Each structure stands twice: as structure tokens, then as C-alpha cells.
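> So the protein lines, in turn, are chains A and B.
Just so you know, we're using our numbering here: the first sequence kicks off at 1 and counts up by one.
Just so you know, we're using our numbering here: the second sequence kicks off at 1 and counts up by one.
For glycine and all other residues, C-beta sits at the position ideal for the given N, C-alpha and C.
Every value quoted in this text rests on a predicted model; they were computed, and no experiment measured them.
Encoded as C-alpha cells, here's the structure I'll be asking about.
Protein chains: 2
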Amino acid sequence: MNALQILHDKKIRPSGLRLKILDYILNHKTHPTIDEIYEALIEDNPTLSKTTVYNTTKVLFENGVVKQVAIEGQPMRYDGDIKMHGHSFCRMCNNVYDVELLEEVKADFNGFTVEDTQVSYSGICKNCNTKLN
Amino acid sequence: MNALQILHDKKIRPSGLRLKILDYILNHKTHPTIDEIYEALIEDNPTLSKTTVYNTTKVLFENGVVKQVAIEGQPMRYDGDIKMHGHSFCRMCNNVYDVELLEEVKADFNGFTVEDTQVSYSGICKNCNTKLN
DNA sequence: TTCAACTTTGTAATGATTACAACATTATAA
DNA sequence: TTATAATGTTGTAATCATTACAAAGTTGAA
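See the structure below:
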């Protein structure tokens, strides 16, 4: 599904910048930050404001089009994959990887209505582990 | 195990403030923030600096004595329970609850060395659900 | 007792994010 | 088509949690 279809389905007016920002998030699986999105798009959109990237990602998030990936002590990242999955964060190279959860996390909620679940791991990735040896 | 024993075991010099701060975290299961710890202790310790609370919680965290509970868009919280467990955050009352994980989260890590796992849920707690009806 | 190491403090700096107001663009209905 | 309201975009300033830093206080070992 492409950016235009998604915005149309969610009744979000598909302005040029919204399309470009959503398209960037959908096509970069690196969990980009606001700055990364801004730097990537500023070249072809010289008047782009960082505030617009903040505003737009906020609209996309609030409408469930993208997910936020919060990593402690770092700027927010955005993820176009809204299926249930976890993230692993490498504290050496700062990359964020997708983690397929092999079974649903079962927990005792005692009347709590869950709206969002976040499973995240931090440590050292395969690549950085190799470099260490 | 009390605060003094813990600090001794970890070879952290048990200064008066460190003992009080750790004691507060151990005895308040509410996942307090820096500000909450500071406000609670300033009365009996009029010269206490917020920087000291930051410094001390950092030392405690780095030595594995307490855990950080990061909730997006809110100041960091601290948890004296270092056993594996999740957290649920109520977006209405802003309380944070402990969640017992009924089975270990299994995931495919592909060479990633996990040092820390965070499982968190957000939504509406039992109490606030009741108020809604 | 003295000196070095460590702890505590207050202020200033940092950095991500939001508030806000001006300006630009688009949609709608007369 | 034109007028007007609604929405989108921008830049600057404000906010707020956290960290940096340097000065002052405290502690403990030689």
C-alpha cells in the first residue's frame, strides 16, 4: 500500500510534504529520526521546516499510520511497520533492528485495557559483537 | 535486603543521601521520578540538590541497584524491583503499574546479545476504566 | 592531622520537542 | 470565478528534563 492510499484511507489530506514524509518512513526501514527525515528531504524541498516534520509525524502517529520507537536518551524514531514486533537497540553502533516476537507476550493485566505494547531490547548487535573479538 | 547492605555489596560508599534516596526508591513502589524523590526528601534534608538526586540515581542505575522505567514524553522513573517484569502506564491517571510476565518473551535475536529487556504497555487502568462507565 | 578522593551543590548549558503567530495554500459555496 | 473559511507550512521563541562543570564540603587512609 502506498503513501497516497494510506492517507486517503485515513482521511488525512495528502499534501505534497505529507506524502514525501510518509513515503520516506515507509521506504526506510532504519527507524529514522526527525532529523534524518528532515536532512533527507531538505535537498529536494528547500523550504521544508523541521516543525513540519514534527507536525506531520505527529499526525501520522496519532492516526496509527506509523509507530513511534522510543529509545531512552535518544530522539524519537519512526517506524512504518505497524505490525506487532519488537526492537533491539545496539549501544555500540546505535542501530535499531526489528525483532520478530515468536509468541505473543502474555501478561496478567488485572483490568488494564492495553492500547499499545512495546517490547525492546538493548545490548550489542551481531556486527558489533564480531568487531569486539 | 536494606539500602545499607545493598550499597555495601556493590561497593558504593553509603553516604547519608545515598541511603535515603535508595531507601525511598525501595519503599515506594510507585516508580517515582527525580522530582518526586526530591520533593519527598527535601523536607528532612533542606540542602538537598536535585543534581544530587540525578547523580545518585545514575550511580544506582549503573550498578544495577535500581531500574529505569522510561515512559515516552515523561521524566524518567526509578524502580527498586530489579526482577524481570513489565510495566503498564495509564494515560488517564498517569500511574505506572507492575505487570507480571507470565512467560519469558521469546524472540529471534540473530546474534544480538541482550543486556536489558523492557516490556511496556500503555492504555487505561482498571480504576480509570470504571470511572469511564 | 593532613591530603587526596569522593560527595554535594548551584548555575549554566544542552538538546529534543512544543507553542505560537504569521504566512501560504487549498477547498467550498455563493 | 471569487470570496472566505479551513487547513498546511514556516521560523522563532519557549519549555523542560537532563547533563556539564566548577566550587565547596566531607570523609577516610596514611
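1) Given a threshold of 16 other Cβ atoms within 10 Å of its Cβ, counted over all protein chains shown, does B:Lys131 qualify as buried or as exposed?
2) Just confirm the distance between the C-beta atoms of B:Gly111 and A:Asn133, as a whole number of angstroms; I'd bet it's less than 8 angstroms.
3) Any beta carbon of chain B sitting closer than 9 angstroms to that of A:Thr117?
4) Quick one, which of B:Gln118, B:Val69, B:Val105, B:Ser122 has its alpha-carbon nearest B:Lys29's?
5) List the residues of chain B that A:Gly123 touches, going by C-beta distances under 8 angstroms, in chain order.
6) Output yes or no for whether 9 angstroms exceeds the beta carbon distance between A:Ser120 and A:Gly80.
7) Run the CB neighbour count on A:Val99, radius 10 Å, all protein chains shown included, and call it buried at 16 or more, exposed below.
8) Could you give the DSSP three-state label for B:Glu115: helix, strand or coil?
9) Give me the chain B residues within the contact set of A:Gln68, using Cβ-Cβ distance strictly less than 8 angstroms, ordered along the chain.
10) Take every Cβ of the segment 8-27 of chain B, pair it with every Cβ of the segment 47-66 of chain B, and state whether three or more of those distances are shorter than 8 angstroms.
11) Along the chain, where does the alpha helix (DSSP H) that runs through B:Cys128 open and close?
12) Express the C-alpha separation of A:Ala3 and A:Leu26 in angstroms, rounding to a whole number.
13) Hey, is A:Tyr54's beta-carbon within less than 9 angstroms of any beta-carbon in chain B?
14) List the endpoints of the continuous alpha helix (DSSP H) containing A:Gln5.
15) Determine the DSSP secondary structure at B:Leu19, reduced to helix, strand or coil.
16) Mind checking which residues open and close the alpha helix (DSSP H) that includes A:Phe135?
17) On the CB-based measure, 16 or more other CB atoms within 10 Å of its CB, does B:Pro75 come out buried or exposed?
18) Using a Cβ-Cβ cut-off of less than 7 angstroms, list which residues of the segment 78-96 of chain A approach chain B; keep chain order.
19) Please decide whether A:Asp35 counts as near chain B, where near means a Cβ-Cβ distance under 9 angstroms.
20) Measure the alpha-carbon distance for A:Ala40 versus A:Ile6 and round it to whole angstroms.
21) Contact check, B:Leu91 vs B:Ser49 under 8 angstroms by CB: the rounded distance?
22) Is it the case that the Cβ atoms of B:Ile34 and B:Tyr54 are separated by a distance below 9 angstroms?
Let's see:
1) exposed
2) Contact flag wrong, Cβ pair sits at about 12 angstroms.
3) Yes, A:Thr117 lies at the interface with chain B (some Cβ there is under 9 angstroms from its Cβ).
4) B:Val69
5) Correct list: Phe112, Thr113, Val114, Glu115, Asp116.
6) no
7) buried
8) strand
9) Glu72
10) yes
11) Under the DSSP assignment, B:Cys128 falls in the alpha helix (DSSP H) whose first and last residues are 126-132.
12) Here the alpha carbons of A:Ala3 and A:Leu26 stand approximately 8 angstroms from one another.
13) no
14) 3-9
15) Note: B:Leu19 maps to helix in three-state DSSP.
16) Past the edges of chain A, shown from 1 to 133, lies residue 135 of chain A, and the structure says nothing about it.
17) exposed
18) Gly86, Ser88
19) no
20) If you draw a straight line from the Cα of A:Ala40 to the Cα of A:Ile6, it is about 21 angstroms long.
21) This sequence places Arg at residue 91 of chain B; Leu is not what is there. About 32 angstroms; that fails the 8 angstroms criterion.
22) Result yes, Cβ atoms of B:Ile34 and B:Tyr54 sit closer than 9 angstroms.
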